[in-house]
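Notes to accompany the following structure.
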Amino acid sequence: MTAPWKWLRRRRLRESEWRDELDTHLAMREEWNRARGLPAGAARLAARRQFGNRLRTLEEVRAVHLRGWLEDLLQDARMAVRGFRRSPAMTAAAVATIAIGVGASAAIFGVVDPLLFRGLPYPNPRQLVSLGYLGPVDSNEFSVVSSYLDWRQRQTAFQAMTSMRPESGCDLVAGEMPLRLACQSVEANFLRTLGLAPALGRDFTPQDDQPHAPPVALLSYALWQSRYGGDARVLGRSVTVDERPVEVVGVLPKGFEMPQLGQADLMMPERLDSSQPRGANSSAFLRTFARLREGVSIEQARLLMRPLFQETAQLDVPKELRSEGRLVVRSLRDRQIQDVKLASWMLFGAVLALLLLVCANVANLLLARTAARRRELAVRAAIGAGRGRLARQVLTESLVLALAGGLAGCGIAWALVRTLVAVAPDGLLRAGRTGMDGRVLLFALAASLGAALLFGMAPALERPRAEALAGARVAGIARTLFRRLLVAAQVAISLVLLTGASLFLRSFRNLASQPLGFRTERVVTASFTLRQLRYRPQQAQSAAFRELEARLQAIPGGGWFALSDSIPPRGAMGRPYSNLRLAEHPPVEADGGIVYFRWVTPGYFRALGIPIVAGRGFEEGERASGDSPVILSATLGRRLFGDESPVGQRIALDGDARWCPIVGVAANTRNNGLTETHPEYYRLRMDGRAPPRDAVALFRTSMAPSGLARWIRAGVAEVDPALPVTIETMEDRLGRFREQPRFLAALVALFAAFGLLLAAVGLYGVLSFLVAQRTQEIGVRMAMGARPRDIAMLVGGYAAMWTGIGVAAGTAGSLALARVAKGLLSGVAPADPRPLLAAIAVLALTAAVAAWAPSRRAARVDPMVALRYE
Amino acid sequence: MRNPDRLQGTLELLILKSLDRGANHGFGIALHVSTVSDGLLEVEEGSLYPALHRLEKERLVKGEWRVTENGRKARFYALTAAGRKRLAEAQDSWTSVAKGVRKLLRFA
Numbered sequence: 001m002t003a004p005w006k007w008l009r010r011r012r013l014r015e016s017e018w019r020d021e022l023d024t025h026l027a028m029r030e031e032w033n034r035a036r037g038l039p040a041g042a043a044r045l046a047a048r049r050q051f052g053n054r055l056r057t058l059e060e061v062r063a064v065h066l067r068g069w070l071e072d073l074l075q076d077a078r079m080a081v082r083g084f085r086r087s088p089a090m091t092a093a094a095v096a097t098i099a100i101g102v103g104a105s106a107a108i109f110g111v112v113d114p115l116l117f118r119g120l121p122y123p124n125p126r127q128l129v130s131l132g133y134l135g136p137v138d139s140n141e142f143s144v145v146s147s148y149l150d151w152r153q154r155q156t157a158f159q160a161m162t163s164m165r166p167e168s169g170c171d172l173v174a175g176e177m178p179l180r181l182a183c184q185s186v187e188a189n190f191l192r193t194l195g196l197a198p199a200l201g202r203d204f205t206p207q208d209d210q211p212h213a214p215p216v217a218l219l220s221y222a223l224w225q226s227r228y229g230g231d232a233r234v235l236g237r238s239v240t241v242d243e244r245p246v247e248v249v250g251v252l253p254k255g256f257e258m259p260q261l262g263q264a265d266l267m268m269p270e271r272l273d274s275s276q277p278r279g280a281n282s283s284a285f286l287r288t289f290a291r292l293r294e295g296v297s298i299e300q301a302r303l304l305m306r307p308l309f310q311e312t313a314q315l316d317v318p319k320e321l322r323s324e325g326r327l328v329v330r331s332l333r334d335r336q337i338q339d340v341k342l343a344s345w346m347l348f349g350a351v352l353a354l355l356l357l358v359c360a361n362v363a364n365l366l367l368a369r370t371a372a373r374r375r376e377l378a379v380r381a382a383i384g385a386g387r388g389r390l391a392r393q394v395l396t397e398s399l400v401l402a403l404a405g406g407l408a409g410c411g412i413a414w415a416l417v418r419t420l421v422a423v424a425p426d427g428l429l430r431a432g433r434t435g436m437d438g439r440v441l442l443f444a445l446a447a448s449l450g451a452a453l454l455f456g457m458a459p460a461l462e463r464p465r466a467e468a469l470a471g472a473r474v475a476g477i478a479r480t481l482f483r484r485l486l487v488a489a490q491v492a493i494s495l496v497l498l499t500g501a502s503l504f505l506r507s508f509r510n511l512a513s514q515p516l517g518f519r520t521e522r523v524v525t526a527s528f529t530l531r532q533l534r535y536r537p538q539q540a541q542s543a544a545f546r547e548l549e550a551r552l553q554a555i556p557g558g559g560w561f562a563l564s565d566s567i568p569p570r571g572a573m574g575r576p577y578s579n580l581r582l583a584e585h586p587p588v589e590a591d592g593g594i595v596y597f598r599w600v601t602p603g604y605f606r607a608l609g610i611p612i613v614a615g616r617g618f619e620e621g622e623r624a625s626g627d628s629p630v631i632l633s634a635t636l637g638r639r640l641f642g643d644e645s646p647v648g649q650r651i652a653l654d655g656d657a658r659w660c661p662i663v664g665v666a667a668n669t670r671n672n673g674l675t676e677t678h679p680e681y682y683r684l685r686m687d688g689r690a691p692p693r694d695a696v697a698l699f700r701t702s703m704a705p706s707g708l709a710r711w712i713r714a715g716v717a718e719v720d721p722a723l724p725v726t727i728e729t730m731e732d733r734l735g736r737f738r739e740q741p742r743f744l745a746a747l748v749a750l751f752a753a754f755g756l757l758l759a760a761v762g763l764y765g766v767l768s769f770l771v772a773q774r775t776q777e778i779g780v781r782m783a784m785g786a787r788p789r790d791i792a793m794l795v796g797g798y799a800a801m802w803t804g805i806g807v808a809a810g811t812a813g814s815l816a817l818a819r820v821a822k823g824l825l826s827g828v829a830p831a832d833p834r835p836l837l838a839a840i841a842v843l844a845l846t847a848a849v850a851a852w853a854p855s856r857r858a859a860r861v862d863p864m865v866a867l868r869y870e
Numbered sequence: 871m872r873n874p875d876r877l878q879g880t881l882e883l884l885i886l887k888s889l890d891r892g893a894n895h896g897f898g899i900a901l902h903v904s905t906v907s908d909g910l911l912e913v914e915e916g917s918l919y920p921a922l923h924r925l926e927k928e929r930l931v932k933g934e935w936r937v938t939e940n941g942r943k944a945r946f947y948a949l950t951a952a953g954r955k956r957l958a959e960a961q962d963s964w965t966s967v968a969k970g971v972r973k974l975l976r977f978a
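Going line by line, the protein sequences match chains A and B.
129 is the number that our numbering gives to position 129 of the first sequence; each next residue is one higher, with no gaps.
897 is the number that our numbering gives to position 27 of the second sequence; each next residue is one higher, with no gaps.
As structure tokens, then:
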């Protein structure tokens with residue numbers, strides 16, 4: 001261990017020695033000059049002149065020694081290559097092992113690097129934070145206009161604060177086809193706060209952001225390229241956005257990223273109106289971001305904001321929600337990666353584990369080789385090679401191996417990254433920012449060098465012994481102990497990997513087989529959003545929906561049809577539970593979380609196959625009547641009424657004064673992702689009342705989706721030819737929810753398979769080595785009467801012991817892993833022993849297979865041959 | 871010696887030759903070269919050291935710290951067996967080259 005330090009110290013000593021030597025020369029010359037009658041100063045000057053440039057001389061001396069060092073290195077490398085050529089099988093195995101390890105880890109590094117390590121694409125990204133209320137309504141912090149206006153005016157923690165409205169769609173008319181775009185309404189200082197400026201044209205000014213200023217917009221770089229061919233004359237052009245003329249004033253920077261990672265095709269000023277009454281402004285939501293003042297930490301900013309925050313919360317947040325809401329100030333990176341942080345660290349951990357396995361394996365291979373070469377090394381030591389020189393030779397060999405493996409690994413990484421980017425679900429990888437670049441290559445290089453050091457260290461530290469010269473087999477207890485420990489460590493690591501794979505696969509199977517509470521097969525969905533302006537009057541909007549409904553319902557072969565504003569397993573609007581009131585019942589509890597609801601047509605339950613468990617479904621005739629009937633989900637019914645029947649009761653929704661009759665109870669569905677069920681209620685879409693503009697049409701039909709799609713488009717076009725529609729099957733929609741767990745499970749399973757293979761190879765190698773080393777001993781045993789079975793048992797026992805030690809260590813690691821990964825697993829209890837037991841079983845089986853061949857070889861040892869072995 | 875590159879072999883020969891009389895330090899070698907050649911071969915003294923270290927790396931000379939008669943610590947270099955052999959070879963080849971050059975000069 002101390003060898004490198006010694007080397008460094010020696011080097012520094014030699015440097016000062018060289019310096020001393022030159023100084024001695026100068027002093028001697030000066031003395032000589034003085035002795036010949038020169039005055040002191042002149043003597044020194046003359047000495048210097050006669051010597052020439054002292055620094056350059058030192059430099060040249062250094063070069064002499066360095067050149068020697070480099071030549072040694074090259075010589076070592078040449079010898080290493082020659083040596084490897086002599087054992088091609090072992091070399092190929094080592095290079096392939098390293099290539100797999102480096103390739104896989106570099107690829108995963110490429111994937112997680114933009115998420116975990118790389119800076120965000122803004123100047124001084126560490127200063128950027130996201131802040132706001134965090135309540136049960138949303139998984140991200142938000143604000144409301146009235147609170148934000150106060151914060152902006154009175155905060156002291158930030159150099160700038162900015163806001164944006166929730167993302168919304170808009171329709172751009174440019175040419176024939178209307179385009180549905182992602183529009184972002186932002187404050188005028190939005191880009192400036194992020195530290196960016198438009199690529200072309202100008203940024204928004206505070207005047208643009210006034211409530212009644214002439215509308216202006218920034219185009220995304222991609223839209224500018226695709227729609228306007230990158231023509232600078234687009235500036236000043238008027239485009240039609242949601243049927244209003246808007247002037248294009250600029251183009252967003254290329255590769256611009258919204259801080260919340262949303263899409264931005266078009267950016268317009270948000271135009272907050274501080275003249276509105278507080279009540280109106282407190283129901284308009286915002287996302288808020290800020291840039292910390294120089295020297296202010298996030299923690300300090302939180303403390304500075306707290307009093308202000310509490311004050312505005314009193315005014316703006318409904319009493320029922322206040323106790324559940326809290327202030328959040330967190331770094332932009334945390335805001336961005338919250339969902340994938342754990343998954344990313346998990347993948348990275350898996351890959352590092354794999355890299356460690358690789359190192360252990362290659363170390364084992366090299367140790368076996370060194371053992372075979374002990375005599376050669378001893379000879380070299382005897383004829384004068386220093387121990388350091390020999391260690392360097394061995395390290396150079398590992399370096400050559402590692403670099404060859406690393407090079408091949410880069411190829412593997414390149415292929416893997418491309419595959420991963422192609423198959424990864426949206427939102428897990430940072431699209432466009434994941435790929436092979438300098439950082440990934442650097443990581444691959446570092447991984448190779450690190451691995452070389454790790455696996456080269458073991459053989460390099462071996463001391464060639466004089467005994468080896470005589471050809472005696474030096475047992476080297478410590479050394480074989482080290483090798484066996486390596487195997488135990490390999491077993492432990494691969495057990496952790498296997499358990500991980502087992503957990504993720506189980507979780508994925510749970511997800512795939514989860515009963516959702518609604519039919520998914522043969523259901524086709526068509527989503528669209530009515531545009532705001534054309535249908536602004538409520539009647540017009542309601543009439544448009546009725547007309548669409550009539551056309552879509554009339555599609556021949558369309559099957560069961562329904563219209564809703566959203567469909568499970570997500571997408572419902574949420575309201576505080578505490579907003580509900582029951583007639584002739586005490587008020588509901590205050591901190592009840594969120595209740596979901598949807599606006600549906602009577603066909604909804606039939607189209608999705610959701611059973612009505614009590615009362616009845618909605619009826620067509622009710623839609624024209626005065627009272628607005630409600631159906632509760634089973635969970636909500638039980639929660640509100642306990643054992644009492646909800647049917648026939650009356651309920652007031654959402655703080656509304658009007659009583660609505662409860663006509664039925666529907667079975668639960670998964671409505672918050674694939675695994676969770678929240679309380680939910682359904683409202684009938686009434687005539688003359690405008691439901692939300694977002695809508696999903698449902699068809700449960702035996703018709704082919706592609707044929708149906710044509711009919712749907714035709715039907716919608718009859719009502720509004722400019723309305724974009726998205727059509728997909730329910731299965732496709734659900735597939736998106738399953739993608740991320742499937743991806744994770746597949747990756748971890750892949751790593752576990754690699755790991756298992758490596759551990760098996762390692763165990764096999766060590767056992768073979770043990771058998772070869774103890775052939776003589778085995779021969780003696782057999783000569784003394786041991787049966788082949790006993791010998792096989794002996795070897796098997798070793799395998800069992802070291803596998804057992806590895807399993808024990810791995811079990812501890814696996815349990816820790818299960819606890820950490822809990823957030824990524826659905827329907828798998830961390831304490832569930834089955835995944836672990838399955839992993840142990842697979843590992844034990846593999847170990848048995850790996851041990852089989854060496855123990856058979858041992859059992860077949862011929863005592864006569866063995867005893868003559870040396 | 872203004873062009874150490876071209877005359878490197880010469881410098882080494884001079885060093886080896888002056889060490890033939892016994893171990894000496896760099897300054898001693900410089901002094902010896904300039905006195906023996908009557909100042910004809912003026913060596914820039916610093917350039918001795920890279921050459922000395924090179925010779926030491928090739929195991930032609932062996933350096934070691936010793937105390938001079940004046941009580942000063944200095945690095946003394948001594949010829950090794952290999953150095954002695956090299957000196958003999960270099961002397962031979964130098965003499966023959968010099969002979970050749972002399973003939974050439976006379977002829978031209």
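Ideal Cβ positions, reconstructed from N, Cα and C, are used throughout, including at glycine.
- Ile727(A) sits in a strand when the DSSP states are folded into three classes.
- Taken atom to atom, the span from the alpha-carbon of Arg287(A) to that of Ser274(A) is near 17 Å.
- Between Gly813(A) and Thr499(A), the alpha-carbon positions lie close to 9 Å from each other.
- The Cβ-Cβ distance between Ala745(A) and Phe504(A) falls below 8 Å.
- Of all alpha-carbon atoms in Arg857(A), Ala859(A), Thr635(A) and Arg736(A), the one lying nearest the alpha-carbon of Leu511(A) is that of Arg736(A).
- Taking a Cβ-Cβ cut-off of 8 Å, Gly37(A) has no neighbours in chain B, whose nearest Cβ is about 17 Å from it.
- In the three-state reduction of the DSSP assignment, Val861(A) falls in the coil class.
- When rounded, the separation of the alpha-carbon atoms in Phe518(A) and Arg856(A) is 58 Å.
- Put simply, the CB of Phe946(B) is far from chain A, with every gap to its CB atoms at 8 Å or more.
- The CB of Arg12(A) never comes closer than 8 Å to any CB in chain B; the least such distance is about 17 Å.
- Put simply, the region 335 to 350 of chain A does not touch the region 52 to 70 of chain A. Fewer than three CB pairs are less than 8 Å apart.
- Within chain B, no C-beta atom comes less than 8 Å from the C-beta of Asn33(A); the nearest is roughly 11 Å away.
- Taken through DSSP and simplified to helix, strand or coil, Asn361(A) comes out as helix.
- At the C-beta level, Gly797(A) and Gln490(A) stay beyond 8 Å of one another.
- Membership of Gly41(A) in the alpha helix (DSSP H) is indicated by the continuous run Ala40 to Phe51.
- In the structure shown, Tyr682(A) falls within a strand segment according to DSSP collapsed to helix, strand and coil.
- A Cβ of chain B is located within less than 8 Å of the beta carbon of Glu60(A).
- Secondary structure note for Asp334(A): its alpha helix (DSSP H) is the uninterrupted segment Leu332 to Ile337.
- A contact between stretches requires three or more CB pairs, one per stretch, nearer than 8 Å, and the region 111 to 125 of chain A fails this requirement with the region 758 to 773 of chain A.
- Neighbourhood of Arg54(A) in chain B, by CB distance below 8 Å: Gly916, in chain order.
- Against chain B, the beta carbon of Thr57(A) has neighbours under 8 Å at Gly916, Ser917, Tyr919 and Pro920, listed in chain order.
- Judged by pairs of C-beta atoms under 8 Å, the region 218 to 235 of chain A does not touch the region 302 to 314 of chain A, as fewer than three such pairs exist.
- Distances from the CA of Ser283(A) to each of Ala313(A), Val296(A) and Leu266(A) were compared; the closest alpha carbon is that of Ala313(A).
- Per DSSP, Ser814(A) lies in no beta strand (DSSP E) segment; the continuous alpha helix (DSSP H) that holds it begins and ends at Pro788 to Val820.
- One alpha carbon belongs to Ala452(A), the other to Ala488(A), and they sit about 21 Å apart.
- A contact is defined here as three or more CB-CB pairs under 8 Å, and the region 234 to 254 of chain A meets this definition with respect to the region 201 to 209 of chain A.
- The three-state secondary structure of Glu294(A), taken from DSSP, is coil.
- For Gly896(B), the nearest CB of chain A lies under 8 Å from its own CB, placing it at the interface with that chain.
- In the three-state reduction of the DSSP assignment, Thr288(A) falls in the strand class, which pools E and B.
- For Arg616(A), there is no enclosing beta strand (DSSP E), as DSSP marks it with neither H nor E.
- Residue pairing by DSSP puts Pro245(A) in a beta bridge opposite Thr240(A).
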